[in-house]
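Residue numbers (my numbering): 4 to 376.
Printed below as a string of structure tokens:
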């Protein structure tokens with residue numbers, strides 16, 4: 004009888020090993036509904052694929068907890084508080100937009116929860132009152148670099164001598180990019196002939212476009228998200244303004260061409276990644292994504308994958324699951340090979356990485372060039 008019992012116990016141990024993985028909750032905050040919901044959908048897809056890839060050999064079992072911020076700062080703050088105080092996540096991937104990421108980063112930092120945003124480019128996400136938020140990082144470049152790249156491209160490649168800027172005065176992302184573009188374009192000898200702003204809920208830009216049209220700028224810089232850019236582009240072309248349109252990473256959505264149609268064709272924008280770039284890490288991710296979603300991943304999916312994989316890498320390799328140890332690993336990480344390129348964090352927790360210039364064509368977005376920091 005004793006032998007039978009021992010055999011039974013041995014079989015039980017084999018079936019239920021003592022090294023069963025500990026479960027860790029990982030949060031994602033993204034705009035799954037609202038005006039930029041395609042950003043959220045792509046981000047969620049990248050987040051889930053990262054967890055699936057990690058789970059093949061990772062130390063822990065990951066329990067994903069996903070929250071919708073609706074691209075609203077208050078909703079984002081509420082989502083962060085719930086993830087931290089109720090769901091008890093160990094870290095947060097996201098949010099995506101700067102206006103949501105700024106308040107969420109303050110909450111994460113105050114609660115000592117590691118956070119990596121994949122796509123929020125405004126410097127205020129990682130810096131507050133001149134001081135770094137030590138628990139906050141980002142997997143993307145920042146707006147001073149992005150605005151500079153766009154201005155240099157306009158002058159050097161497009162041979163622009165004059166530019167106009169049209170931006171959302173209440174959007175940290177849009178306002179910040181416009182300022183950095185203006186500063187660089189002017190410094191390089193260009194002339195900003197019009198610098199106009201609008202409010203978030205504006206839908207009629209005819210008066211502003213008329214003011215710009217009189218100046219006949221070589222380029223018109225539109226640093227906003229795809230939904231607003233598409234609306235402005237249509238009105239720009241309806242007014243007969245011929246300026247070349249340029250913008251930032253907020254343009255990156257399949258909806259841009261669907262909404263703007265031919266009005267946006269011929270425009271250029273800065274971005275974090277191109278599926279046309281030849282790289283084994285990117286190619287493997289694109290293959291996985293296409294198999295799962297039957298479409299090519301955009302930059303939001305790629306950035307979310309990178310941000311999430313970096314967090315998972317830190318969770319796996321940190322001395323313990325304490326926030327301080329996870330952050331210590333993140334600060335020491337070197338040359339993470341991501342889908343969007345090699346990623347290193349600087350002293351502010353910002354990613355030091357390249358940007359790409361993309362051109363909008365009739366039925367696709369074409370890779371033009373890579374610009375290194």
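Quick reminder that beta carbons are idealized off the backbone N, C-alpha and C, glycines included.
Nearest candidate by alpha-carbon position, reference residue i, set the options
{"i": "residue 379", "options": "135, 238, 351, 102", "result": "This structure cannot speak to residue 379, because the chain is shown only from 4 to 376."}
{"i": "residue 214", "options": "74, 28, 169", "result": "169"}
{"i": "residue 277", "options": "185, 181, 359", "result": "359"}
{"i": "residue 78", "options": "87, 107, 53", "result": "107"}
{"i": "residue 254", "options": "304, 228, 33", "result": "228"}
{"i": "residue 244", "options": "209, 256, 230, 272", "result": "209"}
{"i": "residue 146", "options": "281, 166, 129, 283", "result": "129"}
{"i": "residue 298", "options": "256, 127, 126", "result": "256"}
{"i": "residue 111", "options": "82, 125, 265, 133", "result": "82"}
{"i": "residue 180", "options": "93, 224, 32", "result": "224"}
{"i": "residue 295", "options": "27, 55, 30", "result": "55"}
{"i": "residue 376", "options": "86, 202, 144", "result": "144"}
{"i": "residue 131", "options": "304, 115, 109", "result": "109"}
{"i": "residue 157", "options": "312, 336, 346, 272", "result": "272"}
{"i": "residue 93", "options": "25, 336, 241", "result": "25"}
{"i": "residue 31", "options": "149, 86, 280", "result": "86"}
{"i": "residue 267", "options": "348, 239, 152, 126", "result": "239"}
{"i": "residue 203", "options": "175, 283, 191", "result": "175"}
Per-residue DSSP class, three states only, for residue i
{"i": "residue 63", "result": "coil"}
{"i": "residue 103", "result": "helix"}
{"i": "residue 232", "result": "helix"}
{"i": "residue 217", "result": "helix"}
{"i": "residue 370", "result": "strand"}
{"i": "residue 171", "result": "strand"}
{"i": "residue 150", "result": "helix"}
{"i": "residue 161", "result": "coil"}
{"i": "residue 276", "result": "coil"}
{"i": "residue 361", "result": "strand"}
{"i": "residue 145", "result": "coil"}
{"i": "residue 375", "result": "coil"}
{"i": "residue 125", "result": "coil"}
{"i": "residue 356", "result": "coil"}
{"i": "residue 71", "result": "strand"}
{"i": "residue 222", "result": "strand"}
{"i": "residue 334", "result": "helix"}
{"i": "residue 298", "result": "coil"}
{"i": "residue 36", "result": "coil"}
Residue i classed as buried or exposed, judged by whether at least 16 other C-beta atoms fall within 10 angstroms
{"i": "residue 178", "result": "buried"}
{"i": "residue 59", "result": "exposed"}
{"i": "residue 73", "result": "buried"}
{"i": "residue 205", "result": "exposed"}
{"i": "residue 2", "result": "Any property of residue 2 remains undetermined from this structure, which presents the chain solely from 4 to 376."}
{"i": "residue 356", "result": "buried"}
{"i": "residue 323", "result": "exposed"}
{"i": "residue 301", "result": "buried"}
{"i": "residue 133", "result": "exposed"}
{"i": "residue 372", "result": "exposed"}
{"i": "residue 16", "result": "With a pLDDT of 43 at residue 16, under the threshold of 50, the predicted position of this residue should be treated as unreliable, though the coordinate-derived value follows. Exposed, by the Cβ-count rule."}
{"i": "residue 285", "result": "buried"}
{"i": "residue 3", "result": "What is shown of the chain runs 4 to 376, which leaves residue 3 out entirely."}
{"i": "residue 19", "result": "Note that residue 19 scores 46 on pLDDT, short of 50, meaning its location in the model is unreliable and no value can be drawn from it."}
{"i": "residue 335", "result": "exposed"}
{"i": "residue 12", "result": "Model confidence at residue 12 stands at a pLDDT of 45, short of 50, so the residue's coordinates are unreliable and nothing is read from them."}
Residues that residue i bridges to, as DSSP identifies them
{"i": "residue 96", "result": "31, 119"}
{"i": "residue 345", "result": "340"}
{"i": "residue 200", "result": "170"}
{"i": "residue 140", "result": "119"}
{"i": "residue 131", "result": "134"}
{"i": "residue 313", "result": "Bridge partners of residue 313: none, in fact."}
{"i": "residue 248", "result": "223"}
{"i": "residue 81", "result": "Per DSSP, none; premise fails for residue 81."}
{"i": "residue 88", "result": "For residue 88, which the question treats as bridged, DSSP gives no partner whatsoever."}
{"i": "residue 195", "result": "166"}
{"i": "residue 26", "result": "64"}
Closer than 7 angstroms: residue i CB and nearest the ligand ADP heavy atom
{"i": "residue 238", "result": "This structure does not include the ligand ADP; it has no bound ligands of any sort."}
Does the stretch 49 to 69 touch the stretch 318 to 328, meaning 3 or more C-beta pairs lie closer than 8 angstroms? Yes, the stretch 318 to 328 is in contact with the stretch 49 to 69.
Three or more beta-carbon pairs under 8 angstroms between the stretch 31 to 49 and the stretch 298 to 311, yes or no? Counting Cβ pairs under 8 angstroms, three or more are found: they touch.
The stretch 325 to 341 contacting the stretch 224 to 234, beta-carbon criterion three pairs below 8 angstroms: Contact annotation: the stretch 325 to 341 does not touch the stretch 224 to 234, with fewer than three C-beta pairs closer than 8 angstroms.
Sufficient close CB pairs (3 or more, under 8 angstroms) joining the stretch 120 to 128 to the stretch 95 to 110: Taking 8 angstroms as the limit for Cβ pairs, the verdict is that the stretch 95 to 110 does touch the stretch 120 to 128.
For the 8 angstroms Cβ check, are there 3 or more pairs between the stretch 214 to 222 and the stretch 193 to 204? Yes, since at least three Cβ pairs between the stretch 214 to 222 and the stretch 193 to 204 fall closer than 8 angstroms, the two stretches touch.
Counting pairs of beta carbons, one from the stretch 147 to 164 and one from the stretch 247 to 259, are three or more of them closer than 8 angstroms? Contact holds: three or more Cβ-Cβ distances are below 8 angstroms.
Can you confirm whether the stretch 253 to 269 touches the stretch 351 to 368 when touching is taken to mean that 3 or more C-beta pairs between the two stretches lie within less than 8 angstroms? Judged by Cβ distances under 8 angstroms, the stretch 351 to 368 makes contact with the stretch 253 to 269, as three or more pairs qualify.
Kindly confirm or deny that the stretch 338 to 352 and the stretch 266 to 276 touch, where touching means at least three C-beta pairs closer than 8 angstroms. Cβ pair count under 8 angstroms is three or more, so yes.
Say whether the stretch 133 to 144 touches the stretch 346 to 356, bearing in mind that this needs 3 or more beta-carbon pairs closer than 8 angstroms, one atom from each stretch. These segments touch.
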